[in-house]
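Asker: Residue numbers (my numbering), protein chains in the order written: chain A, 15 to 190; chain B, 163 to 595; chain C, 4 to 307.
A virtual CB, placed ideally from N, CA and C, is assigned to each residue, including glycine.
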Amino acid sequence: MFLNLLLGCSRLLNKVSGGIAMLLIVYILGHILLEIVLRLFGTSTYVLDEFVGYAVATLTFLGLGYSLERGSLIRVGLIIERVPESKRWLFDLFATLVSFAMFAWIYSYWQTNVLRSFKRGTTSQSIMETPLWIPQGLVLVGLGLLCFTLFTHALILLFRQQSPELHSAATHTQEH
Amino acid sequence: MEIVLSAVGVIALILVVLGMGVWVFSGLAIVALLSLIMIGDVSIDRAGAILSRIIFRAGNSWELAAIPLFILMGELIFRSNISDRLFRGLEPWTRHIPGGILHTNVFGCAMFAAVSGSSAATTATVGKITTNELKVRGYDRQLSIGSLAGAGSLGLLIPPSIVMIVYGVQAEVSITKLFMSGVLPGLLVAALYTGYLMTRALMDPSIAPKETGTTVTKLQSLGLLFPVILLITIVMGAIYTGIATPSEAAAVGVLATLVLLLVERQLNVEIFREALVGSLLSSTMVCSILITAALLSTAMGYLHLPAELATYIASLDLSPAWLLLALALFYVLLGLFLDGISITVMSLPITLPIVIQAGFDPLWFGVFLVIMVELGQITPPVGFNLFVLQGLTGEKIGKVAKASFPFFVLMCVAALLLCIFPDIALWLPNALG
Amino acid sequence: AQFDFSNEYNTNSIHAQGDQFFIEKVKELSNSKVDITLHSGGALGYKSADHFYAVADNAVQIADTLAGSMAGIDPIFLLSSLPFLVEGEDQAELLYKIAKPYYAEIFEDNDQILLYASPWPASGIWSKEKVDSATSLEGLKIRSYDKNGTLTLREAGAAPVNLSWADVVPQLSTGGIEAVLTSADAGASGSFWEHLDNYSAIQYAIPLNMVHMNRDEFESLSDDERAAVMEAAKLTDEHNWQTVRMRVKDNYQELAEHSVAIHSELPAPFMQHLQESAQPALAEWLEDAGERGEAILAEFNKEK
Ligand code: NA
Ligand code: NA
């Protein structure tokens, strides 16, 4: 019951963040095209590389949980594929736990940094003087969601001995 | 000897962590952390300050933006009938060449390399269009994967090229001339690949099945090839007229593809959404690995590993030929576990002075270095083209690496030819000014 | 002690060479007890914009940082890149000496010490056609390197664009841009003469890089070692201000060898037009920097 609730939450959150990440791809496309047109008229948005940089970082981190759920983040099958099907969840659990530890640890350090940027009002040096806590915070949200997804998956692997990965349309080219 | 131990330690860590089945993106981050703490003797707090800052810096990168866009372009083409028309259009042209449309990988990558500056984007875009089609048509899986892995790295050799820009800025060599000097070596590599595919097909015709189905005339085929030729022409045109920078070219490519599909009534909301999903999944996979690979190269920087290895080579006082061999081994070793840009940035401060001292032309060395970096793209355990292909095909990394091995050897042959005949690189920039 | 030193610029740059000078001096003065490794070209993965807090958190112990990249932390760091504030290296050095205590205080407040400055050669305009009048600047597609440059050039009637450094040469070769605001030095390292034939020495600014060190690491050194580091920093500061003057001469010679026309005697009305265009950027900075800014400028105007 509790596990289903957690999994439901994680799926919903990742669906939302995946959607935002996709919109960011469209945004990058739009901003670059706008810049090209403006340059033809001798003007500029002046923030192309800055904002597109933020967008790429944000979409990658927001997309991580989403991709993890859909099993599209690659791993090396050297050992896993030689383990009997019934024992495979142990390796999945190991991978999930060490990844969770790694990114939860990074999250805690990065959080301190984002808070400092927020408190001190640190801005970028561009003409927009972007408050840095915003792009930094978006990456933090992505990291947080990744940790939450990994945590949920770890619990499910532990109690159900079965990977909760979805098999979406995108994996159809990956059949063995 | 201490450096060698560190290098061996790092490679062992990568093999163990990735071998246990940890996702590549998190595995590289874990190896970076363990290397800093266990080999570099860095405190856990400092490691946290280092890695959290680099993870944001590496992700927050304008240069990465081309990856999701080029992948989106590939996804859109893959979901339309353009890719099918491409293969049917190529059929009458390649029917008499041994290997048939297996050559699409090499030609496609060579052409796409002229619009894309990175090898990951080249491999992912061309691969999205070819891997499945070649499989369905019954072409030899090994060769179709291997040739794509090898040819995808042409993205760095044929201009525009991110690694060449990085080298040009570091070595103060004209980027324009560097771009020109990459063209012939790029074509040489492509020719070696084509020759290899033909030889294999002559030895064993079963690797390339006889094309069945309705054949078209060469004239009709031009109509089928038209969309792809048009798209590439538009993107190249945008770059070479200065309308778009090489980093912006991907956006022009997506726009042109969208317009083409709209005109041909092949675009609807559902297709666009599916293409976006596919593009998000692939680009998250590629970009996250590039980002955590940056953590690994930062860790290597703190261990002073590339610098000390290069200093060691400098201390050997080798003759020019032996020096090149030593450098080649050095770059192949770094290429096992680092990405191209990191290799370039970390090694140049030491290798460039040695190379110039030994009398080599820095322009020539730039091309040599790009080929060395390309080799690293197709060697395990950390090889970007291998990762991209693993994601695209679902095959095991070992199989992908094995399929790529002949192409690794051919690239080494190209490097050897470049050493014997430096004019392969230098002729064009000298001839054009 | 062993330290890592991060720097974004290539090995031949004036900054990396100054840093190497510092490292050798430290080694010499400390009898090889303090060993510093320079990671030039951003080899550790940091850009200038990361350095301030990377050094504060001791992620890296020493860094060479473009002052303007710290403007989002404190506006005082924009001082050295303000347009047309200083005329030549003498004034730039004077301005640095006046402002140094203010810079040092910010570093001090963030667990760091300021070691020395590394000035850039003055920036001018590299262009296809000669730029020596307001008319020739009209609508000129020019790449600027910071916010003030963009504001000033826009005010002067040009069309400044924002491009990453990696895109500059490809855009020059295809004609996407016609001019670049940068030093003769940077243009020379990018072989700009392949595409551009003119350099107008408008003496736009002499921006500074600053080299700063984590304070805890500094304090963990013995008294002798600390003295060695401070002495080396002082020597490097002097060395850098001398080098930048020589560097400009060398650059001009190199430009002449590649038949780039150097325009150093520019018409007074043109210079006045540029200086007027810089006023809004200066006014905005004064507002941001407040009393400290006014105090520095008052002293500078008195002594120059
Ligand atoms: Na390319
Ligand atoms: Na590799």
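Counting only Cβ-Cβ distances shorter than 8 Å, please list the residues of the segment 147–160 of chain A near chain B, keeping chain order.
Answerer: Residues PRO149, GLN150, VAL153.
Asker: Kindly provide the ranges of any beta strand (DSSP E) runs that are 3 or more residues long and lie completely inside the segment 123–148 of chain C, ordered along the chain.
Answerer: List check, beta strand (DSSP E) in window: 126–130, 144–146.
Asker: What does a CB cutoff of less than 6 Å around GLN175/A pick up in its chain, not counting 5 residues either side in sequence?
Answerer: Contacts found: TRP103.
Asker: Using the C-alpha atoms, what's the distance from SER24/A back to LEU76/A?
Answerer: Distance between the alpha carbons of LEU76/A and SER24/A: 13 Å.
Asker: Just verifying my parser: in three-state terms, what is the DSSP assignment at GLN519/B?
Answerer: Helix.
Asker: Which residues in the same chain have their Cβ closer than 6 Å to the Cβ of LEU175/B, if we skip the five residues on either side of it in sequence?
Answerer: Result list for LEU175/B: VAL193, LEU196, in chain order.
Asker: Report yes if the C-beta of ILE192/B is less than 7 Å from at least one heavy atom of ligand 1; otherwise report no.
Answerer: For ligand 1, not one heavy atom lies less than 7 Å from the Cβ of ILE192/B.
Asker: Drop a sphere of 10 angstroms on the beta-carbon of GLU222/C, count the other beta-carbons inside from all chains shown, and report buried for 16 or more, exposed for fewer.
Answerer: Flag for GLU222/C reads exposed.
Asker: Return yes when at least one heavy atom of ligand 2 lies under 7 Å from the C-beta of VAL532/B, else no.
Answerer: Every heavy atom of ligand 2 is 7 Å or more from the Cβ of VAL532/B, so no.
Asker: Apply the 10 Å Cβ neighbour rule to LEU152/A and answer buried if 16 or more other Cβ atoms are within range, or exposed otherwise.
Answerer: So LEU152/A counts as buried.
Asker: For the segment 38–49 of chain C, enumerate the residues whose C-beta is nearer than 9 Å to any C-beta of chain B, in chain order.
Answerer: For the segment 38–49 of chain C, which is checked against every Cβ of chain B, the residues closer than 9 Å are THR40, LEU41, HIS42, SER43, GLY44, GLY45, ALA46, LEU47, GLY48, TYR49.
Asker: Buried or exposed for ARG427/B, please, with buried defined as at least 16 other CB atoms from any protein chain shown within 10 angstroms of its CB.
Answerer: With fewer than 16 Cβ atoms within 10 Å of its Cβ, ARG427/B is classed as exposed.
Asker: Around the Cβ of LYS28/C, are there at least 16 other Cβ atoms within 10 angstroms (buried) or fewer (exposed)?
Answerer: Buried, by the Cβ-count rule.
Asker: Is it the case that the CB of ALA275/B approaches a heavy atom of ligand 1 more closely than 7 Å?
Answerer: Answer for ALA275/B: yes, Cβ within range of ligand 1.
Asker: For LEU551/B and LEU52/A, I'd like the C-alpha separation in whole angstroms.
Answerer: Answer to the nearest angstrom: the Cα atoms are 37 Å apart.
Asker: Quick check: is any heavy atom of ligand 1 less than 7 Å from the C-beta of SER409/B?
Answerer: No, ligand 1 has no heavy atom inside 7 Å of this Cβ.
Asker: On a CA-only basis, which of PHE187/B, GLN332/B, LEU350/B is nearest THR74/A? Give me that one, please.
Answerer: Taking only the C-alpha atoms, the option nearest THR74/A is PHE187/B.
Asker: With a cut-off of 8 Å, do at least 3 Cβ pairs link the segment 318–329 of chain B to the segment 244–263 of chain B?
Answerer: With the cut-off at 8 Å, the segment 318–329 of chain B and the segment 244–263 of chain B do not touch.
Asker: Between the Cα of LYS131/C and the Cα atoms of SER203/C, ASN61/C, ASP170/C, LEU117/C, which residue gives the shortest distance?
Answerer: Checked all of SER203/C, ASN61/C, ASP170/C, LEU117/C; the closest Cα to LYS131/C is SER203/C.
Asker: Going along chain A in order, which residues have a C-beta closer than 8 Å to the C-beta of GLU410/B?
Answerer: Result: ILE46, GLU49, ILE50.
Asker: Between LEU180/A and ILE391/B, what straight-line distance do the alpha-carbon atoms span, to the nearest angstrom?
Answerer: If you take the alpha carbons of LEU180/A and ILE391/B, they lie about 38 Å apart.
Asker: Where do the N-terminal and C-terminal ends of the alpha helix (DSSP H) with ASN267/B fall, by residue?
Answerer: Run containing ASN267/B: 266–275, per the alpha helix (DSSP H) assignment.
Asker: For the beta strand (DSSP E) containing PHE8/C, list its first residue and its last residue.
Answerer: Unbroken beta strand (DSSP E) run through PHE8/C: 5–10.
Asker: Going by DSSP, what residue range makes up the alpha helix (DSSP H) through HIS466/B?
Answerer: No alpha helix (DSSP H) contains HIS466/B, which DSSP labels as neither H nor E.
Asker: Mind listing the chain A neighbours of GLY262/B? Cutoff is C-beta to C-beta under 9 Å, in chain order.
Answerer: Simply none; closest approach about 22 Å.
Asker: Is the beta carbon of MET36/A less than 8 Å from the beta carbon of VAL439/B?
Answerer: Taking 8 Å as the Cβ cut-off, MET36/A and VAL439/B qualify as a contacting pair.
Asker: So, are the CB atoms of GLY314/B and THR356/B less than 8 Å apart?
Answerer: The answer is no: Cβ separation not under 8 Å.
Asker: At 9 Å on the CB atoms, spell out the chain C contacts of ARG219/B, in chain order.
Answerer: Residues of chain C passing the Cβ test: GLY48, TYR49, LYS50, ALA52, ASP53.
Asker: I need the straight-line Cα distance from THR292/B to PHE549/B, nearest angstrom please.
Answerer: Their Cα atoms are separated by approximately 17 Å.
Asker: Taking only runs of the alpha helix (DSSP H) that begin and end inside the segment 168–232 of chain B, which ones reach a length of at least 4 residues, in chain order?
Answerer: Segments of the alpha helix (DSSP H) lying fully in the segment 168–232 of chain B: 186–196, 206–221.
Asker: Nearest chain C C-beta to THR166/A closer than 8 Å, yes or no?
Answerer: By this cut-off, THR166/A is not an interface position.
Asker: For ASN18/A, go through chain C and note every residue whose CB falls closer than 7 Å to its CB, in chain order.
Answerer: None at all; the shortest Cβ gap to chain C is about 41 Å.
Asker: Mind pulling the chain E residues with CB within less than 7 Å of SER441/B?
Answerer: You won't find chain E in this structure, because its protein chains are A, B and C.
Asker: Below 8 Å between beta carbons is the criterion; list the residues of the segment 185–216 of chain B that meet it against any residue of chain A, in chain order.
Answerer: Flagged, chain order: TRP185, VAL186, PHE187, SER188, GLY189, ALA191, ILE192, LEU195, GLY210, ALA211, LEU213, SER214, ARG215.
Asker: May I ask you to report which of helix, strand or coil DSSP gives VAL90/A?
Answerer: Three-state DSSP puts VAL90/A in coil, outside helix and strand.
Asker: Assign LEU580/B to one of three DSSP states: helix, strand, or coil.
Answerer: Note: LEU580/B maps to helix in three-state DSSP.
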